[in-house]
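Q: Here the sequence shown is numbered in my numbering, starting from 1483 and rising by one per residue.
This is the structure I have questions about; it appears just below.
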Amino acid sequence: MTVHDMKHAASDSARLEAVGGRLSRVDGPAKITGAAHYAVEQQLEGLTHAVLVGATIAAGKVTAIDTRAADTAPGVLAVLTPDTIMELRGASDWFGNPPAQPTFSPLVREVTFSGQHVAAVVAETFEQAVAAVALVKVWYDEIPAIVDLSDGKAGDGIPIDAMTKEWGDAQAAFAAAPVRICAAYNTPREFQAAMEPHGLIASWEGDELTVWEPSQWLDGMARTYAEWFGIPFENVRLVSPYIGGGFGSKALALAHSAVAAAAARMLGRPVKLVLNRPQNFTSYGGRAATRQTVAIGADRDGRIQSIVHRGVNETAVDGMWVEPLGSVTSIMYATPNFSSKQNVVRVNTVVPGAKRAPGENPSAFGIECAIDELAHELGIDPLEMRLINYAEQDPHAKKAWSTRQLREAFAAGAEAFGWARRSPQPRSMRDGRQLIGWGVAAGTYPVRRAHGEAVVKILADGTVEVESSSIDMGQGTYTILAQTAAETLGVPVEQVSVKLGDSHFARAGVTGGSRLAGVMTGAVHKAAGQALDELIGLALSNPRSPFQKLQANTLQVRDGRIASPRGEGPDLSIAELMSAVGRDRIEAKGDTLPASTTPEERYNNYTTIAMSIPHTEGEYSRHSWCAHFVEVRVDEDFGTVRVSRVVSALDSGRLYNPKLAESQWKGGIIMGIGQALLEEGIVDRRHGRIVNGNFADYMLPTNADIPDIQTISVGIPDPHSSALGGKGVGELAIVGIAPAIANAVFHATGKRVRDLPITLEKLI
């Protein structure tokens, strides 16, 4: 290799390792070789195993539990019921609001959904616990359940005033509009279906609790455990080094978590509890089923005059979840008149929860299908219709966008897809017996912001450690934080070690809302900058430093070596300088909180979402944007639908690592394909239970279902959204995929399917 080649290779390596480089995931080798140990894989001395007993009714009371046979079964240490498990204190919610009840039992007498935990067995081995669970007999006093939104007993629901958004006179403007469309759009109950099941190991030493549990929010969950057991927050340690998928489901300590921790305290031994696959469909909430009606009035040139939106989502009998269905409807298109209102309907289900892009996902399905229907009614190209009604500012907040590269996304996506060749008439494009359909839809996700902290250490050997209680559930946190520290400190990325997933590290808020990358790269950048300043300060001022006599104003660090920017004086590695000045480490903690933040505010920042910064705070409205172009093939004889091509152009601002961002985008698109064509929680209407709570019957997309996917970044750095200019990545791409597919199916067949998933019987 020539000197020129060596310099070129070094330059390529530097670009790869810096923020914005396409560095492969640094945790990849550990995962593919089996060296990565997940939370519930820990081996503890005296480990016991707990298995849950779930209710077989959806509504009623437990009248009796017979545990006699289970009590005497081999290896059984305890059979826990509502009468025998320890009572826990109520915990504050994720906003920090005080609990509704001062105490509670994690095993219930009052049953509000099928599968709810009514008992648990703890035994020496997992197999013994499973065998003993089969011996537990439970009797119920059953009452009629409210099965789902279509149940006649459900009613109209509860109005959610906070979801009301109105300006102008939408009803009158709709009635006066020369062109009107009005349709209902429904999405079913969906589930996160993470590969790694929920579970935990809980171990007590006196009043100190250690929990190994897959977690998207270690500090928030630690707060819950501390409040349940009435112990100081510092006495709880959550450990979650890797997560096998979460998608919003692993952010909270749940009832099964409380059972395991209580059992461990009662027995004085560590307890391992892992939900089986059906319990992963009932122990926590997936995406709530939704219904929306979207009415749009427009003039004959296609300009929207009014949007009237009404939405409903299901929630639990004993809990509240609001799926904000007006979130996309209210901002995607310019309209002088708008009205959106929403109700929630109580049904006998576990409390629904956050599933990738909660609210934005179903909201986009309604408005993006409706805008397509309006375009067809007017004979206007669907892409042109979106450009005619392009919102130059946030129509709801009445503020400028921080950045909005949606026009650029439409243009880049259309060019790459070949949209200009689209024949406008439905059923006009075909390949033999296959009908070809092309559809388009837009998507958006708000930039959710918060504060974080990180510790950066420069060690005696020149290596660097980064510590944070933030987590990596596959989105690449280990990698982008290593790149951030390496770039800031001027060291090779292989010299940076990132430690995550321990609540005893520097604090971090919830990993959700696509906010972690923006928050934590800012915190690491600040901490690394402080460490660099201290390193250079030592080099310039320490009497034992070879640079002390140079009398320079500053020094530079490149590739792990310190030198004068003018090229004069010594050239030392970091390790050589640390040795010269007699230091074994430099340690800096950086956070993005205001300097005036009180200790209580710091605690609340990391353990609640009460201090999250609104995306419309200040002068700007901050969002990520995308445009999806989809081709489907529909078999004319059988009605089967296949997605054959996807081109998506996305604006996530500056990409900290394009390779990882593209992977997240494609993951969201794949989930959107599953949502559009396959996924649906099916409820037995007689008993109110999920009948397809497994990976055989809950249909998920596999490699055979996924076509070539092309993603195009059109983003530009957004300094109003994050310290390094990035915007949300992880949840953006799923928003808009389902309506793009539905629109393509209509173009292929002339049949409009407004109820997901799009299955062949709906096309007949």
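Each residue gets a CB set at the ideal place from its N, CA and C atoms; glycine is no exception.
Note that the coordinates shown come from a computational prediction; the quantities given were computed from them, not determined experimentally.
So for Thr1926, helix, strand or coil by DSSP?
A: Indexing the sequence shown from 1 puts residue 1926 at position 444. Strand at Thr1926.
Q: Looking at Ala1846 and Val2217, is the spacing between their C-beta atoms short of 9 Å?
A: Along the sequence shown, read from residue 1 onward, the residue named residue 2217 stands at position 735. Along the sequence shown, read from residue 1 onward, the residue named residue 1846 stands at position 364. Yes, they are a contact pair.
Q: Count the other CB atoms, across all protein chains shown, that sit within 10 Å of the CB of Gly1944; report buried if there are 16 or more and exposed otherwise.
A: The residue labelled residue 1944 in the question sits at position 462 within the sequence shown. With 16 or more other Cβ atoms inside 10 Å of its own Cβ, Gly1944 counts as buried.
Q: Please classify Ile1918 as buried or exposed, where buried requires at least 16 other C-beta atoms within 10 Å of its C-beta.
A: On the sequence shown, position 436 is the one that residue 1918 refers to. Buried: at least 16 other Cβ atoms inside 10 Å.
Q: Going by alpha carbons, who is nearest to Ala1735 out of Gln1787, Gly1572, Arg2124?
A: For the purposes of this step, residue 1735 is taken as residue 253 along the sequence shown, with counting starting at 1. Checked all of Gln1787, Gly1572, Arg2124; the closest Cα to Ala1735 is Gly1572.
Q: Would you kindly report the start and end of the unbroken beta strand (DSSP E) that includes Ser2106?
A: Here residue 2106 corresponds to residue number 624 of the sequence shown, with the count starting at 1. Counting along the chain, the beta strand (DSSP E) containing Ser2106 begins and ends at 2105-2117.
Q: If you count every other CB in all the chains shown that lies within 10 Å of the CB of Val2171, and 16 or more means buried, which is it?
A: Your numbering for residue 2171 matches position 689 in the sequence shown. Strictly speaking, residue 2171 in this sequence is Arg, with Val absent from that position. Residue burial annotation: Arg2171 is buried, with at least 16 other C-beta atoms found within 10 angstroms of its C-beta.
Q: Provide the residue span of the beta strand (DSSP E) that contains Gly2011, from first to last.
A: In the sequence shown, residue 2011 corresponds to position 529, counting from 1. Where Gly2011 is concerned, there is no enclosing beta strand (DSSP E), although the alpha helix (DSSP H) it sits in stretches over 1998-2023.
Q: Met2002: buried (16+ other C-beta within 10 angstroms of its C-beta) or exposed?
A: By one-based count along the sequence shown, residue 2002 stands at place 520. The residue in question, Met2002, is buried, as its Cβ has 16 or more Cβ neighbours within 10 Å.
Q: What is the DSSP secondary structure of Ala1770, reduced to helix, strand or coil?
A: Taking the first residue of the sequence shown as 1, we reach residue 1770 at position 288. Three-state result, Ala1770: coil.
Q: Do you know offhand how far Ser1910's Cα is from Glu1859's?
A: Mapped onto the sequence shown, residue 1910 falls at position 428. Mapped onto the sequence shown, residue 1859 falls at position 377. Cα to Cα, Ser1910 sits roughly 17 Å from Glu1859.
Q: Going by C-alpha to C-alpha distance, which of Gly1688, Arg1997, Gly2072 sits closest to Ala2013?
A: Numbered from 1 along the sequence shown, position 531 holds the residue referred to as residue 2013. The shortest Cα separation from Ala2013 among Gly1688, Arg1997, Gly2072 belongs to Gly2072.
Q: Secondary structure at Arg2084, three-state DSSP: helix, strand or coil?
A: Within the sequence shown, the letter at position 602 stands for residue 2084. Note: Arg2084 maps to helix in three-state DSSP.
Q: Name the DSSP beta bridge partners of Lys1939, please?
A: In the sequence shown, residue 1939 corresponds to position 457, counting from 1. Per DSSP, Glu1947, Glu2069.
Q: Using the Cβ count rule (16 or more neighbours within 10 Å means buried), how would you classify Glu1969?
A: As a working note, residue 1969 is residue 487 in the sequence shown. By the neighbour-count rule (16 or more Cβ atoms within 10 Å), Glu1969 is buried.
Q: Figure out for me which residue from Ala1611, Gly1768, Ser1731, Val1600 has the closest Cα to the Cα of His1531.
A: Taking the sequence shown and counting its residues from 1, the one referred to as residue 1531 is at position 49. Closest by alpha carbon: Ala1611.
Q: Label Asn2087 either buried or exposed according to how many other C-beta atoms from any shown protein chain fall within 10 Å of its C-beta, with 16 as the threshold for buried.
A: In the sequence shown, residue 2087 corresponds to position 605, counting from 1. So Asn2087 ends up on the buried side.
Q: Using the DSSP secondary-structure output, state which residues sit across from Glu1592 in a beta bridge.
A: Indexing the sequence shown from 1 puts residue 1592 at position 110. BP columns for Glu1592 point to Lys1543.
Q: Please list the terminal residues of the continuous beta strand (DSSP E) segment that includes Arg2127.
A: Position 645 of the sequence shown holds residue 2127. Per DSSP, Arg2127 belongs to the beta strand (DSSP E) from 2123-2133.
Q: What does the alpha-carbon distance come out to for the pair Asn1668 and Pro1641?
A: Residue 1668 sits at position 186 when you count from the first residue of the sequence shown. Residue 1641 sits at position 159 when you count from the first residue of the sequence shown. Distance between the alpha carbons of Asn1668 and Pro1641: 19 Å.
Q: Which value, in whole angstroms, describes the spacing of the CA atoms of Ala2226 and Glu2113?
A: If you number the sequence shown from 1, residue 2226 lands on position 744. If you number the sequence shown from 1, residue 2113 lands on position 631. Each residue's alpha carbon lies about 6 Å from the other.
Q: Any idea which residues DSSP pairs Ala1560 with across the strands?
A: As a first step, residue 1560 is located in the sequence shown; it is residue number 78 there, counting from the start. Ala1560 is bridged to Val1604.
Q: Going straight from the alpha carbon of Glu1569 to that of Pro1588, what length do you get?
A: Taking the sequence shown and counting its residues from 1, one reaches residue 1569 at position 87. Taking the sequence shown and counting its residues from 1, one reaches residue 1588 at position 106. Whole-angstrom Cα-Cα distance: 8 Å.
Q: Is Gly1702 helix, strand or coil when you go by DSSP?
A: Reading the sequence shown from its first residue, position 220 is the one you call residue 1702. Note: Gly1702 maps to helix in three-state DSSP.
Q: Taking the alpha helix (DSSP H) that Leu1856 falls in, what are its first and last residues?
A: Residue mapping note: residue 1856 aligns to position 374 of the sequence shown, counting from 1. Unbroken alpha helix (DSSP H) run through Leu1856: 1842-1860.
Q: Pop quiz: Ser1574 and Pro1581 are said to be a contact at Cβ under 8 Å. What is the actual Cβ separation, rounded to whole angstroms?
A: Position 92 of the sequence shown, counted from the first residue, corresponds to residue 1574. Position 99 of the sequence shown, counted from the first residue, corresponds to residue 1581. Contact flag correct, Cβ pair sits at about 6 Å.
Q: Closest to Pro2183 by C-alpha separation, out of Ile2155, Glu2162, Ala2205, would be which residue?
A: Within the sequence shown, the letter at position 701 stands for residue 2183. The candidate whose alpha carbon is nearest that of Pro2183 is Ile2155.
Q: Would you list the one or two residues that DSSP bridges to Thr1797?
A: As a first step, residue 1797 must be located in the sequence shown, where it is residue number 315. Thr1797 pairs with Arg1828.
Q: Give the secondary structure of Phe1763 by DSSP, where H, G and I count as helix, E and B as strand, and everything else as coil.
A: On the sequence shown, position 281 is the one that residue 1763 refers to. In the structure shown, Phe1763 sits in a helix (DSSP, three-state: H, G or I).
Q: Should Ser1996 be flagged as near chain B, meaning a C-beta pair shorter than 9 Å?
A: Of the chains in the structure shown, none is chain B; there is only one protein chain.
Q: Please confirm whether any heavy atom of the ligand FMN lies closer than 8 Å to the CB of Ala2205.
A: This structure lacks the ligand FMN; in fact it carries no ligand of any kind.
Q: Please list the terminal residues of the continuous beta strand (DSSP E) segment that includes His1531.
A: Taking the first residue of the sequence shown as position 1, residue 1531 is located at position 49. 1530-1536 is the span of the beta strand (DSSP E), which, as asked, contains His1531.
Q: Can you tell me whether Trp1621 is buried or exposed? The criterion is at least 16 other CB atoms within 10 Å of its CB, across all chains shown.
A: On the sequence shown, residue 1621 is found 139 positions in, with the first residue counted as 1. By the neighbour-count rule (16 or more Cβ atoms within 10 Å), Trp1621 is not buried but exposed.
Q: Using the rule of at least 16 other Cβ atoms within 10 Å of the residue's Cβ for burial, across every protein chain shown, is Gln1907 buried or exposed?
A: Residue 1907 sits at position 425 when you count from the first residue of the sequence shown. Exposed.
Q: Looking at the unbroken beta strand (DSSP E) that takes in Gly1634, where does it start and where does it end?
A: Looking up residue 1634 in the sequence shown gives position 152. Gly1634 -> no beta strand (DSSP E), and no H or E assigned at all.
Q: Are the CB atoms of Ala1541 and Glu1672 within a distance shorter than 9 Å?
A: Within the sequence shown, numbered from 1, the residue matching residue 1672 stands at position 190. Within the sequence shown, numbered from 1, the residue matching residue 1541 stands at position 59. No, the Cβ-Cβ distance between Glu1672 and Ala1541 is not below 9 Å.
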